[in-house]
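**Student:** Numbering follows the working numbering, with no gaps: position 152 of the sequence shown is 153.
Cβ atoms here follow ideal geometry from the backbone N, Cα and C, with glycine treated the same way.
In this text the structure is predicted, and so the values were computed from the model without any measurement.
Handing you a structure now.
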Amino acid sequence: MDQFDVDLFVIGGGSGGVRAARIAAGHGAKVMLAEEYRLGGTCVIRGCVPKKLFVYAARFAHEFEDAAGFGWSVDNVRFDWATLVANKDKEIARLEGAYRANLNRAGVEIVAQRASIEGPHAVRLADGTQVTARTILIATGGRPNRGLDFPGCELGISSNEIFHLERFPDRIIIQGAGYIALEFASLLAGLGSKVTVIHRGDKLLRGFDEDIRARIVDEMAQNGVEFAFNVTIEGIYDEGSEKRVRLNDGRDLFADEVMLAIGRVPNTIGLGLDTVEVHLDEAGAIAVDGLSRTNIPSIYAVGDVTNRVNLTPVAIREGHAFADTVFGKRPWQVSYDNIPTAVFTEPEIGTVGLTEQDARAQGRRLDIYQTDFRPLKATLSGRTSRVFMKIVVDQANDRVLGVHLIGEGSGEMVQMAAIAMNVGATKADFDRTMALHPSSAEELVTLRSKHTTSDPLPEASTEATPAL
Ligand SMILES: Cc1cc2nc3c(=O)[nH]c(=O)nc-3n(C[C@H](O)[C@H](O)[C@H](O)COP(=O)(O)OP(=O)(O)OC[C@H]3O[C@@H](n4cnc5c(N)ncnc54)[C@H](O)[C@@H]3O)c2cc1C
Numbered sequence: 002m003d004q005f006d007v008d009l010f011v012i013g014g015g016s017g018g019v020r021a022a023r024i025a026a027g028h029g030a031k032v033m034l035a036e037e038y039r040l041g042g043t044c045v046i047r048g049c050v051p052k053k054l055f056v057y058a059a060r061f062a063h064e065f066e067d068a069a070g071f072g073w074s075v076d077n078v079r080f081d082w083a084t085l086v087a088n089k090d091k092e093i094a095r096l097e098g099a100y101r102a103n104l105n106r107a108g109v110e111i112v113a114q115r116a117s118i119e120g121p122h123a124v125r126l127a128d129g130t131q132v133t134a135r136t137i138l139i140a141t142g143g144r145p146n147r148g149l150d151f152p153g154c155e156l157g158i159s160s161n162e163i164f165h166l167e168r169f170p171d172r173i174i175i176q177g178a179g180y181i182a183l184e185f186a187s188l189l190a191g192l193g194s195k196v197t198v199i200h201r202g203d204k205l206l207r208g209f210d211e212d213i214r215a216r217i218v219d220e221m222a223q224n225g226v227e228f229a230f231n232v233t234i235e236g237i238y239d240e241g242s243e244k245r246v247r248l249n250d251g252r253d254l255f256a257d258e259v260m261l262a263i264g265r266v267p268n269t270i271g272l273g274l275d276t277v278e279v280h281l282d283e284a285g286a287i288a289v290d291g292l293s294r295t296n297i298p299s300i301y302a303v304g305d306v307t308n309r310v311n312l313t314p315v316a317i318r319e320g321h322a323f324a325d326t327v328f329g330k331r332p333w334q335v336s337y338d339n340i341p342t343a344v345f346t347e348p349e350i351g352t353v354g355l356t357e358q359d360a361r362a363q364g365r366r367l368d369i370y371q372t373d374f375r376p377l378k379a380t381l382s383g384r385t386s387r388v389f390m391k392i393v394v395d396q397a398n399d400r401v402l403g404v405h406l407i408g409e410g411s412g413e414m415v416q417m418a419a420i421a422m423n424v425g426a427t428k429a430d431f432d433r434t435m436a437l438h439p440s441s442a443e444e445l446v447t448l449r450s451k452h453t454t455s456d457p458l459p460e461a462s463t464e465a466t467p468a469l
């Protein structure tokens, strides 16, 4: 044991690294963790948490508007960006402190430095110190993809910078069609920005159910987001008080900020992976097996740097499974089935399980249940937004394979649906569950409208099913 300085060296103090370090220390391991920026990682510092705080801020705009129909007069409503940013920063600092305290309590030694790998059992810190470790865990996460190459691309900001803009962007252009692009589009529109989303394709949210992909465009448009499809940015030009964005169709758009949200890439650069020849996959992510093992027996990797499912709860669970397996004599693997996901657009998306297209691609015969309705609240608020719900059911055994929702509370609903699906719930189980009335969620247990397709489509359909 004493031949190494520590039992475990964790590189990266984000969701996966912190959980792994804490649990391994709890199993009696001597653990050191290096973090080059701030403890908590992407999720806490510049991801899920600050984003959700901004989402809450944006939703007040709707509440104020909707209030009139319920008899309220909400006059002189003003929004102050600086207050929101300052209060958010205070909460993030508090959370970072909580992460530090938890690691300290668990006995993990924290080094506030960049670390890189120097050998199968050796790590080099930025100050030159070498630390030897029986096991090394790489949990360095990902970073915004800056891989665009057009004049002025350096003038574009990423999600990292948007959390600290000194001036609220009254007009913003966002390039991208993934969940981060759309969430910021919605929340900035809610806060009062004129938002234009630029996408080189004609559909948003690749990988989501086609009905969700088709409907979210109209829903977001109703909430003030403009879209320009099948175009890309050719150049960004600083014109003093504003930025001019030249599109490849010849148009010029003007904005205060341009956000480039074209995906994220694994953080592997400068990590010293070549010194020990850790294998990467074709996307540049660290290749691991189900137990998060790399090809080097003493080196493991978890979280976004492995590009499996890039979500915080997944990174946390991978870190936990690694620590139990390697230091707790309790090997277990993370299940990637039925991972619930929310997209905090306005309105919100919640999804869990297989999309209709993926289920058909597996050759399954399906029953599709879906509904589209005006929520009760909208009757007095006057809002035109609709709720959409779809349940994908396997005809062979009545099992619920997927639930896909758009509407208020969708994220909260799919978290619960995921529990049911994990215990193998059938549509009949959903049906015999008593409804909670009045709610949107009750539609999930009262859906009778079946759209049956007897023959599986030969390939994924790209046409949205019309509303029933
Ligand atoms: C804008 C945004 C919104 C998001 N929203 C959600 C959401 O709503 N729900 C959700 O589940 N997920 C969300 N995510 C994804 C989520 O943040 C990530 O999946 C999660 O943080 C991954 O955890 P991780 O431990 O793999 O990496 P990270 O949390 O990225 O942590 C990696 C850490 O390693 C550090 N590091 C990197 N290299 C080194 C080095 N050489 N030495 C020392 N330290 C190093 C970094 O500074 C960082 O702190 C969001 C991401 C973004 C960007």
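#1: Is the closest heavy atom of ligand 1 to the C-beta of Ala316 under 7 Å?
#2: Under the criterion of a Cβ to heavy atom distance below 7 Å, does Lys52 qualify as lining ligand 1?
#3: Within 7 Å: the Cβ of Glu349 and any heavy atom of ligand 1?
#4: For the alpha helix (DSSP H) containing Phe431, list its first residue and its last residue.
#5: Please report the straight-line C-alpha distance between Phe228 and Val11, rounded to a whole angstrom.
#6: Buried or exposed: which applies to Ile163, given that a residue is buried once 16 or more other Cβ atoms fall within 10 Å of its Cβ?
#7: Is there at least one non-hydrogen atom of ligand 1 closer than 7 Å to the beta-carbon of Arg106?
#8: Please determine, among Gln371, Tyr370 and Thr385, the residue with the shortest C-alpha to C-alpha distance to Leu377.
#9: Check whether the Cβ of Thr141 sits closer than 7 Å to any heavy atom of ligand 1, and report yes or no.
#10: Which residues mark the beginning and the end of the alpha helix (DSSP H) in which Lys52 is found?
#11: Tell me whether Arg1 is buried or exposed, calling it buried when 16 or more other Cβ atoms sit within 10 Å of its Cβ.
#12: Excluding sequence positions up to five away, which residues of its chain have a Cβ less than 6 Å from the Cβ of Gly108?
#13: When the Cα atoms are used, what is the spatial distance from Asn146 to Pro332?
#14: Considering only heavy atoms of ligand 1, does any lie closer than 7 Å to the CB of Leu312?
#15: Within the continuous alpha helix (DSSP H) that includes Gln416, where are the two ends?
#16: Taking 7 Å as the cut-off, is the beta-carbon of Asn423 closer than that to any non-hydrogen atom of ligand 2?
#17: Within the same chain, show all residues whose beta-carbon is closer than 6 Å to that of Phe169, passing over the 5 residues directly before and after it, in chain order.
#18: Let me check you understand the geometry: is the CB of Gly179 closer than 7 Å to at least one non-hydrogen atom of ligand 1?
#19: Measuring straight from C-alpha to C-alpha, what distance separates His452 and Asp395?
#20: Should the segment 173-184 be called in touch with the segment 258-271, which here means at least 3 C-beta pairs below 8 Å?
#21: Am I right that Phe431 and Val401 are in contact with their C-beta atoms under 8 Å? What's the rounded C-beta distance?
#22: I want to check one thing, is the minimum distance from the CB of Gly48 to the heavy atoms of ligand 1 below 7 Å?
#23: Any contact between the segment 302-309 and the segment 139-156? By contact I mean 3 or more CB pairs, one from each, below 8 Å.
#24: Spatial neighbours of Leu272 within its chain, please: C-beta separation below 8 Å, excluding the five flanking residues on both sides.
#25: Hey, is the segment 404-411 in contact with the segment 349-356, meaning 3+ C-beta pairs nearer than 8 Å?
#26: Could you tell me the alpha carbon to alpha carbon distance between Ile24 and His321, rounded to whole angstroms?
#27: State the DSSP-derived secondary structure class of Pro467, mapped to helix, strand or coil.
#28: Can you have a look at Val19 and say buried or exposed, based on whether 16 or more other CB atoms are within 10 angstroms of its CB?
#29: Taking all protein chains shown into account, decide if Ala21 is buried (16 or more other Cβ within 10 angstroms of its Cβ) or exposed.
#30: Taking 7 Å as the cut-off, is the beta-carbon of Ala302 closer than that to any non-hydrogen atom of ligand 1?
#31: List, from N- to C-terminal side, the alpha helix (DSSP H) runs of 4 residues or more that fit wholly inside the segment 101-177.
#32: Between the segment 125-138 and the segment 40-57, do at least 3 Cβ pairs fall closer than 8 Å?
#33: Comparing C-alpha positions only, which one of Thr133, Asp203, Phe151 and Arg216 sits nearest to Gln4?
#34: Please indicate yes or no: does the CB of Thr434 lie closer than 7 Å to some heavy atom of ligand 1?
#35: For Val310, which residues in the same chain have their Cβ closer than 7 Å to its Cβ, ignoring the five residues on either side in sequence?
**Tutor:** Working from what's here:
#1: Position 315 of the sequence shown, counted from the start, is the residue given in the question as residue 316. Distances from the CB of Ala316 to the heavy atoms of ligand 1 include at least one below 7 Å.
#2: Start at 1 with the first residue of the sequence shown, and residue 52 comes out as number 51. Because some heavy atom of ligand 1 lies under 7 Å away, the Cβ of Lys52 counts as near it: yes.
#3: Against the sequence shown, residue 349 aligns to sequence position 348. Glu349: no, Cβ never under 7 Å from ligand 1.
#4: In the sequence shown, counting from the first residue as 1, residue 431 sits at position 430. Where Phe431 is concerned, the enclosing alpha helix (DSSP H) stretches over Lys428 to Asp432.
#5: Along the sequence shown, one-based indexing puts residue 228 at 227. Along the sequence shown, one-based indexing puts residue 11 at 10. For Phe228 and Val11, the distance between alpha carbons rounds to 42 Å.
#6: For the purposes of this step, residue 163 is taken as residue 162 along the sequence shown, with counting starting at 1. Label assigned to Ile163: buried.
#7: Position 105 of the sequence shown, counting from 1, holds the residue named residue 106. Arg106: no, Cβ never under 7 Å from ligand 1.
#8: Numbered from its first residue, the sequence shown carries residue 377 at position 376. If we check each option's Cα against that of Leu377, Thr385 comes out closest.
#9: In the sequence shown, counting from the first residue as 1, residue 141 sits at position 140. Yes, Cβ of Thr141 sits closer than 7 Å to a heavy atom of ligand 1.
#10: Looking up residue 52 in the sequence shown gives position 51. Start and end: Cys49 to Ala68.
#11: Not covered by the structure: residue 1. The range shown for the chain is 2 to 469.
#12: Sequence index remark: in the sequence shown, residue 108 carries index 107 (1-based). Excluding residues within five positions, the ones whose Cβ falls inside 6 Å are Ala26.
#13: The sequence position of residue 146 within the sequence shown is 145, counting from 1. The sequence position of residue 332 within the sequence shown is 331, counting from 1. The alpha-carbon atoms of Asn146 and Pro332 are separated by roughly 34 Å.
#14: Here residue 312 refers to the residue found at position 311 when the sequence shown is read from its first residue. True, at least one ligand heavy atom lies under 7 Å from that Cβ.
#15: In the sequence shown, the residue the question calls residue 416 occupies position 415. Where Gln416 is concerned, the enclosing alpha helix (DSSP H) stretches over Ser411 to Asn423.
#16: Among the ligands modelled here, namely ligand 1, ligand 2 does not occur.
#17: One-based indexing of the sequence shown puts residue 169 at position 168. Sequence-distant partners of Phe169 (beyond 5 residues in either direction) whose C-beta falls short of 6 Å from its own C-beta, in its chain, are Trp82.
#18: For the purposes of this step, residue 179 is identified with residue 178 of the sequence shown, where counting begins at 1. For ligand 1, not one heavy atom lies less than 7 Å from the Cβ of Gly179.
#19: Here residue 452 refers to the residue found at position 451 of the sequence shown. Here residue 395 refers to the residue found at position 394 of the sequence shown. Answer to the nearest angstrom: the Cα atoms are 13 Å apart.
#20: yes
#21: Numbered from 1 along the sequence shown, position 430 holds the residue referred to as residue 431. Numbered from 1 along the sequence shown, position 400 holds the residue referred to as residue 401. That pair is a contact at about 6 Å.
#22: Translated into the one-based positions of the sequence shown, residue 48 becomes position 47. Checking the Cβ of Gly48 against ligand 1 gives yes.
#23: yes
#24: In the sequence shown, residue 272 corresponds to position 271, counting from 1. Counting only Cβ-Cβ distances below 8 Å, and skipping sequence neighbours, we find Ile12, Ser117, Ile118, Ile139 and Thr141.
#25: yes
#26: For this step, residue 24 is matched to residue 23 along the sequence shown. For this step, residue 321 is matched to residue 320 along the sequence shown. Going by C-alpha positions, Ile24 is about 6 Å away from His321.
#27: Looking up residue 467 in the sequence shown gives position 466. Any answer about Pro467 is weak, because its pLDDT of 32 lies below 50 and its placement is not dependable; what the coordinates show is given next. Pro467 falls in the coil class under three-state DSSP.
#28: The residue labelled residue 19 in the question sits at position 18 within the sequence shown. Buried, since its Cβ has 16 or more Cβ neighbours within 10 Å.
#29: Taking the sequence shown and counting its residues from 1, the one referred to as residue 21 is at position 20. Buried is the call here.
#30: Here residue 302 refers to the residue found at position 301 of the sequence shown. No, Cβ of Ala302 sits at least 7 Å from all heavy atoms of ligand 1.
#31: Listed in chain order, the complete alpha helix (DSSP H) runs (minimum 4 residues) inside the segment 101-177 are 160-163.
#32: no
#33: On the sequence shown, residue 4 is found 3 positions in, with the first residue counted as 1. Of the listed residues, the one whose Cα sits closest to Gln4 is Thr133.
#34: Taking the first residue of the sequence shown as position 1, residue 434 is located at position 433. No; taking the cut-off as 7 Å, the Cβ of Thr434 has no heavy atom of ligand 1 nearer than that.
#35: Here residue 310 corresponds to residue number 309 of the sequence shown, with the count starting at 1. Here the set comprises Tyr337 and Ile340.
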